[in-house]
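Remarks on the structure that follows.
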Amino acid sequence: MAVEEARETEAADASAGAEAAAAVAAQTLYSIAPGYSLNVRSGPGTQYRLIRTLAPGSRVPIFCQRPGETISGPYGTTKIWDNIEVGEYVSDAYVHTGSDGYVASRCA
């Protein structure tokens, strides 16, 4: 019985470690392009409602990403939009992720 309990404890510890790693990854903050204010929209395109505007020098988390309207900005032309809060999106063309592709999972 002790061996089974030890395995269950190890599995629980591994699961907790994976959850902690995911939480840290979700808290990575990405800088918006220097000198730019950035519109935050309710969906992945300029036709969606403007929610707020981020000030120059802001940093944002990326919880997930989804395709949307193609936008050109200081980091290229892309149709990737970053989900930075529930119901809030910014164009990846203005976010320094260090990649031309997806850096987070796709939004459901």
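Heads up: the sequence shown runs through residues 185 to 292, numbered per the numbering used here. The beta-carbon is built from N, C-alpha and C at its ideal position, and this holds for glycine as well.
Taking the CB atoms as reference points, tell me whether residue i and residue j lie closer together than 9 Å.
| i | j | result |
| --- | --- | --- |
| Y278 | I246 | no |
| V274 | L234 | no |
| T281 | E253 | no |
Going along the chain, which residues of its own chain have a beta-carbon closer than 7 Å to the beta-carbon of residue i, five neighbours each way excluded?
| i | result |
| --- | --- |
| C291 | C248, Q249, R250, N267 |
| G260 | A277, D284 |
| I264 | Q249, P251, D276, Y286 |
Which same chain residues, not among the five before or five after residue i, have their C-beta less than 8 Å away from its C-beta?
| i | result |
| --- | --- |
| T237 | S221, L222, N223, V224 |
| G219 | P240 |
| Y232 | R225, S226, Y273 |
| Q211 | P245 |
List the endpoints of the continuous beta strand (DSSP E) containing residue i.
| i | result |
| --- | --- |
| P218 | First-last for P218: undefined, no H or E at that position. |
| I264 | 260 to 269 |
| Q249 | 248 to 257 |
| R162 | The first residue shown for the chain is 185 and the last is 292, placing residue 162 beyond what the model contains. |
| V274 | 272 to 275 |
| R225 | 222 to 225 |
| R236 | 234 to 238 |
Excluding sequence positions up to five away, which residues of its chain have a Cβ less than 6 Å from the Cβ of residue i?
| i | result |
| --- | --- |
| I255 | S275, A277 |
| T262 | D276, A277 |
So residue i packs on residue j, CB below 8 Å; how close in whole Å?
| i | j | result |
| --- | --- | --- |
| S226 | G271 | 6 Å |
| G257 | A217 | 7 Å |
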